[in-house]
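Peer 1:
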Amino acid sequence: MNLFDRSYIVIHNTDPIQYHQDAIHPIEFTGIQFLISMGLDPELLRSKKNEIMEVNILAFIATALFILVPTAFLLIIYVKTVSQND
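The sequence shown maps to residues 59 to 144 in our numbering.
If you want it as structure tokens, here you go:
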């Protein structure tokens, strides 16, 4: 393929569940080859089922505690300081 052919342009669904990093599409445009690594190869999308991303429950709890515990601590200090009328 020496010239740019519009028949090779296909807009795929960009759903992150269907993203595959190992798909590389070579395209030649006026003799120069470009590599587009979008991870949207139709054959890979057909061969793979839609997989729901798994959530690590321990990481989720750790993140929630990392946000809630310091916030509660600072809020308690603030309320205690305001209630003393300093």
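Backbone N, C-alpha and C fix where the C-beta goes; we use that ideal spot for every residue, glycine too.
#1: Taking only the alpha-carbon atoms, compute the straight-line gap between T139 and I119 and give it to the nearest angstrom.
#2: When the Cα atoms are used, what is the spatial distance from F131 to A122?
#3: Can you give me the C-alpha to C-alpha distance between I125 and L116, rounded to a whole angstrom?
#4: Could you give the residue range of the alpha helix (DSSP H) that holds V113?
Peer 2: Quick look at the numbers:
#1: 30 Å
#2: 14 Å
#3: 14 Å
#4: Careful: V113 lies outside any alpha helix (DSSP H) and carries neither H nor E.
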